[in-house]
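**Student:** This is the structure I have questions about; it appears just below.
In mature numbering (1 follows the signal peptide of the UniProt record, and there is no 0), the protein residues as written are -15 to -1, 1 to 107.
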């Protein structure tokens, strides 16, 4: 019985998460949402991580339900030895571009503008 308790306590100690990462200070942050639906979000962190997003309400078609938010922005993070920056646009011609990979995605149908949408690539 004692051995079981000792083994269980040892397992808990070994499995406990370690907090090796330092807390990173946020240098600046902006979060603006306007009554017309346009928005701006950004933050800068002490390690060089940055994020910027600017969204505008846009009509994508002729029907009243063809209204969405077209956003553009970028994010940067510190990959050991270099800063990686990705610029992106989400609209009817969605794409993400950075110096390492350039990808363009096909326009989504109006029914596929939610985060839960999946598109058949076949």
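Idealized CB from N, CA, C, for every residue including glycine.
Predicted model, so just to flag it, every value in this text is computed and none were measured.
1. Taking DSSP as the reference, what is the three-state secondary structure of residue 47?
2. Take the Cβ of residue 15 as the centre, count every other Cβ of all protein chains shown within 10 Å, and call the residue buried at 16 or more, exposed below.
3. Taking 6 Å as the limit between beta carbons, can you name the residues of its chain near residue 30, skipping five residues before and five after?
4. Roughly how many angstroms lie between the CA atoms of residue 27 and residue -8, to the nearest whole one?
5. Can you tell me where the beta strand (DSSP E) holding residue 14 begins and where it ends?
**Tutor:** So, from the data block:
1. coil
2. exposed
3. 9, 11
4. 46 Å
5. 11 to 18
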